[in-house]
Each structure stands twice: as structure tokens, then as C-alpha cells.
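J.: Pasting a structure here, questions to come.
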Amino acid sequence: MHVLAFCAAFVQSWWGWPGAARADTDYFSGTDFVGKTRAGKFKQFYINYWKPMRRIQAEDWALSIGGMCENPLTLTLEQFQPLPLRTQTSRMKCVECWSAKGQWSGFHFSELMKLCPPKPEATGVVFHCDDTYTEHLSLEDLNHHRTLMVTAMNGAPLSDEHGFPLRVIIPSKYGYKNPKAIVKIEYVSELQYGTWSKIGPYSPDGTILPGTDHPLDLGKTPHRISGGEITDY
Ligand SMILES: Nc1nc2c(c(=O)[nH]1)N[C@H]1C(S)=C(S)[C@@H](COP(=O)(O)O)O[C@H]1N2
Ligand SMILES: [Mo]
1 MHVLAFCAAF VQSWWGWPGA ARADTDYFSG TDFVGKTRAG KFKQFYINYW
51 KPMRRIQAED WALSIGGMCE NPLTLTLEQF QPLPLRTQTS RMKCVECWSA
101 KGQWSGFHFS ELMKLCPPKP EATGVVFHCD DTYTEHLSLE DLNHHRTLMV
151 TAMNGAPLSD EHGFPLRVII PSKYGYKNPK AIVKIEYVSE LQYGTWSKIG
201 PYSPDGTILP GTDHPLDLGK TPHRISGGEI TDY
């Protein structure tokens, strides 16, 4: 192949040009894997995954709840069906500037505490995710009325990209405190650093600070935010 033609082919495959044919696909489309992406429809709501991971199959998935509790437990997806669902619209804000809004449905963490009560010493949980991501949240934060254990987004079951089959949505905290593709919940008695707070300058608390936001759904135009959950737009 002529070297220029080779370069053109490389640029074409790299940028996805001509755009129209590949507008809604990304690197992981049509594969057994899912991972970080900003392509196609995910330009409107970026996808973060610490590591690419194999898509979770509903029939293979089970959630184990353990750590500081009397009776560790394993729940299948079907066992979640009876839990009362709530729906809320909230914005998720990543510490890396962007934000996006979604309608989230799920159950309250207190439902899991009823099924698997923590020991009195437990003060929080560590979420273990299928891509080896981990994050800690206090029981107080988990029992906040805006915190949801999410199973559906915008009226459809959670996509693999957004964390099928179970994720946390906690709108007052940066995205990194919203773990996805959860496989294990561990009750703990001490605060623990999650994946991002261990390696970067990100506080283990993760409350959204005052500053400037660049909402993907509003053309990334800068919006001032005053800290905590973004409710103005
Ligand atoms: N399992 C897992 N959950 C995760 C992450 C991750 O890398 N792995 N990234 C976090 C970060 S930094 C953000 S901003 C949000 C992004 O959520 P989204 O991919 O649904 O947009 O997921 C959070 N939850
Ligand atoms: Mo993030």
C-alpha cells in the first residue's frame, strides 16, 4: 500500500471517519467487553471504567454482602425484584469538569440493610466492582434520601456502560463516589480510600466543591456551581 493511503486508512480508522457510518459505535461495540468511552452517543454522557471488563451476564451475576454483619448473604438479580423502586432525576458530576443528567430508578440502601443487617461497629461499606474498582461510602451517606442503589436509567435497565446491573447514584458527590457494576458490598468500621483517592488528589469524602462545571448536555458551556448536588440545571 502506498504510504499516503496507509496513513489515510489509519487516520480514518482512528477518527472513525467518515463519521456517519460509525456515529453510534465505539471501540467496545459488538464485543464482549465494555470500558471507558466518549464515542457516539456517549459524547452526551461519558463512560468511565477503571479497566475494560467482560460484560456482566444477568444469569451469572450475584451480589455478595459481607464484612461486619452477622449473616453474610448472596442475592441474585431476581431477588431484587420485590424491593420498592424510587425514581429521581439528578446530575452526575465528574471531578474532571463534565456533568450529565439522568433519570435513575432503584431502591434505597436501607432495603439491603434490612436483608443483611450490619454489626453495630460498622460505619460504612466498601463497594467492590467487576472492573476491580473500589469505593467507600459511610452508612450516613448511603441512607441519605437522594442516594439510590440504581438498576435502571432513563426508563430502561442500566446499560453495561452505565454499570449493569447495579450502581450507586449519590448526587451531592463527584462521579468517582458512584460505583458501577457492583459485585460485592463489604461492611467496614473504618473509612477506606477508594481507587481514585488512593492514586490522585481526590478527597475520600468526594463532596462536590464550588467551582465551574461543563455540562455535556448543555454544550459544555461553563456553569458556576456552589457545591453539593447541582440542582440549578
Ligand atoms: N466500577 C466503576 N465504577 C465507576 C468508575 C469506574 O472506573 N469503575 N468510575 C467512576 C467515575 S470517576 C465516574 S465520573 C462515574 C461515571 O459514570 P458513567 O460512566 O455512568 O458516566 O462512574 C464512577 N464509577
Ligand atoms: Mo469521574
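Residues in the sequence shown are numbered from 1 upward in steps of one, following the numbering used here.
By construction, the Cβ of each residue, glycine as well, lies at the ideal position given by its N, Cα and C atoms.
Predicted model only: the values in this text are computed from it and were never measured.
Hey, is Ile47 close to ligand 1, as in C-beta under 7 Å from one of its heavy atoms?
T.: Stepping through the sequence shown from its first residue, residue 47 is reached at position 47. Because some heavy atom of ligand 1 lies under 7 Å away, the Cβ of Ile47 counts as near it: yes.
J.: Using alpha carbons as the reference points, say which of Met149, Glu111, Val150, Arg91 lies closest to Gly257.
T.: Residue 257 falls outside the range modelled here, since the chain spans only 1 to 233, and no answer is possible.
J.: With Thr207 as the anchor, note down where its beta strand (DSSP E) starts and where it stops.
T.: Residue mapping note: residue 207 aligns to position 207 of the sequence shown, counting from 1. Per DSSP, Thr207 belongs to no beta strand (DSSP E) and is neither H nor E.
J.: Would you say Pro179 touches ligand 1, meaning its beta carbon is less than 7 Å from a heavy atom?
T.: Taking the first residue of the sequence shown as position 1, residue 179 is located at position 179. True, at least one ligand heavy atom lies under 7 Å from that Cβ.
J.: Can you find a heavy atom of ligand 2 that lies under 7 Å from the Cβ of Gly102?
T.: On the sequence shown, position 102 is the one that residue 102 refers to. It does not: the Cβ of Gly102 is nowhere closer than 7 Å to a heavy atom of ligand 2.
J.: What does the Cβ neighbour count give for Arg54, buried or exposed, with the cut at 16 atoms within 10 Å?
T.: Taking the sequence shown and counting its residues from 1, one reaches residue 54 at position 54. Arg54 comes out exposed.
J.: Name the one or two DSSP bridge partners that Phe127 has.
T.: Stepping through the sequence shown from its first residue, residue 127 is reached at position 127. Bridge partners of Phe127: Glu135, Ile185.
J.: What did DSSP end up calling Met92 once you bin it into helix, strand or coil?
T.: Taking the sequence shown and counting its residues from 1, the one referred to as residue 92 is at position 92. Note: Met92 maps to strand in three-state DSSP.
J.: Give me the Cα-Cα distance between Phe164 and Phe42, rounded to the nearest whole angstrom.
T.: Translated into the one-based positions of the sequence shown, residue 164 becomes position 164. Translated into the one-based positions of the sequence shown, residue 42 becomes position 42. Between Phe164 and Phe42, the C-alpha separation is close to 16 Å.
J.: Excluding sequence positions up to five away, which residues of its chain have a Cβ less than 7 Å from the Cβ of Ala21?
T.: Here residue 21 is taken as the residue at index 21 of the sequence shown, counted from 1. In this prediction, Ala21 has a pLDDT of 45, which is less than 50 and means its spatial position is unreliable; what the coordinates show is noted afterwards. So the list is empty, once near-sequence residues are dropped.
J.: Please look up how many angstroms separate the CB atoms of Val34 and Tyr49, rounded, as I've assumed it's under 8 Å.
T.: Within the sequence shown, numbered from 1, the residue matching residue 34 stands at position 34. Within the sequence shown, numbered from 1, the residue matching residue 49 stands at position 49. Going by Cβ atoms, the distance from Val34 to Tyr49 rounds to 7 Å, so yes, they are a contact pair.
J.: Among Pro52, Ser29, Ser138, which residue has its Cα nearest to the Cα of Gln192?
T.: Taking the first residue of the sequence shown as 1, we reach residue 192 at position 192. Out of Pro52, Ser29, Ser138, Ser138 has the C-alpha closest to the C-alpha of Gln192.
J.: From which residue to which residue does the alpha helix (DSSP H) around Thr195 run?
T.: For this step, residue 195 is matched to residue 195 along the sequence shown. Thr195 -> alpha helix (DSSP H) spans 195 to 199.
J.: Should Glu140 be counted as a contact of ligand 2 given a C-beta to heavy atom distance under 7 Å?
T.: If you number the sequence shown from 1, residue 140 lands on position 140. No - ligand 2 has no heavy atom lying nearer than 7 Å to the Cβ of Glu140.
J.: Straight-line CA distance for Pro117 to Asn71?
T.: Working through the sequence shown from its first residue, we reach residue 117 at position 117. Working through the sequence shown from its first residue, we reach residue 71 at position 71. The alpha-carbon atoms of Pro117 and Asn71 are separated by roughly 8 Å.
J.: Who pairs with Gln103 in a beta bridge, going by DSSP?
T.: Taking the first residue of the sequence shown as position 1, residue 103 is located at position 103. BP columns for Gln103 point to Thr89.
J.: How many angstroms separate the CA atom of Gly219 from the CA atom of Thr74?
T.: Counting from 1 along the sequence shown, the entry for residue 219 is found at position 219. Counting from 1 along the sequence shown, the entry for residue 74 is found at position 74. Near 43 Å, if we compare the C-alpha coordinates of Thr74 and Gly219.
J.: Look up Pro215 in the DSSP assignment and give the residues it is bridged to.
T.: Stepping through the sequence shown from its first residue, residue 215 is reached at position 215. For Pro215, which the question treats as bridged, DSSP gives the partners Ser99.
J.: Just curious, the alpha helix (DSSP H) that Met68 is in, first and last residue?
T.: Here residue 68 refers to the residue found at position 68 of the sequence shown. Per DSSP, Met68 belongs to no alpha helix (DSSP H) and is neither H nor E.
J.: Within its chain, find whatever has a CB closer than 8 Å to the CB of Asn154; leave out the 5 residues flanking it on each side and keep chain order.
T.: Residue mapping note: residue 154 aligns to position 154 of the sequence shown, counting from 1. Gly102, Gln103, listed in sequence order.
J.: Check whether the Cβ of Cys129 sits closer than 7 Å to any heavy atom of ligand 1, and report yes or no.
T.: For the purposes of this step, residue 129 is identified with residue 129 of the sequence shown, where counting begins at 1. For ligand 1, at least one heavy atom lies less than 7 Å from the Cβ of Cys129.
J.: Would you decide whether Leu209 is buried or exposed? Buried here means 16 or more other CB atoms lie within 10 Å of its CB.
T.: Position 209 of the sequence shown holds residue 209. Label assigned to Leu209: exposed.
J.: Among all the DSSP beta bridges, which residues are the ones paired with Arg167?
T.: By 1-based counting over the sequence shown, the position of residue 167 is 167. Bridge partners of Arg167: Val150.
J.: Output the distance between the C-alpha atoms of Gln79 and Thr221, rounded to the nearest integer angstrom.
T.: Taking the first residue of the sequence shown as position 1, residue 79 is located at position 79. Taking the first residue of the sequence shown as position 1, residue 221 is located at position 221. For Gln79 and Thr221, the distance between alpha carbons rounds to 43 Å.
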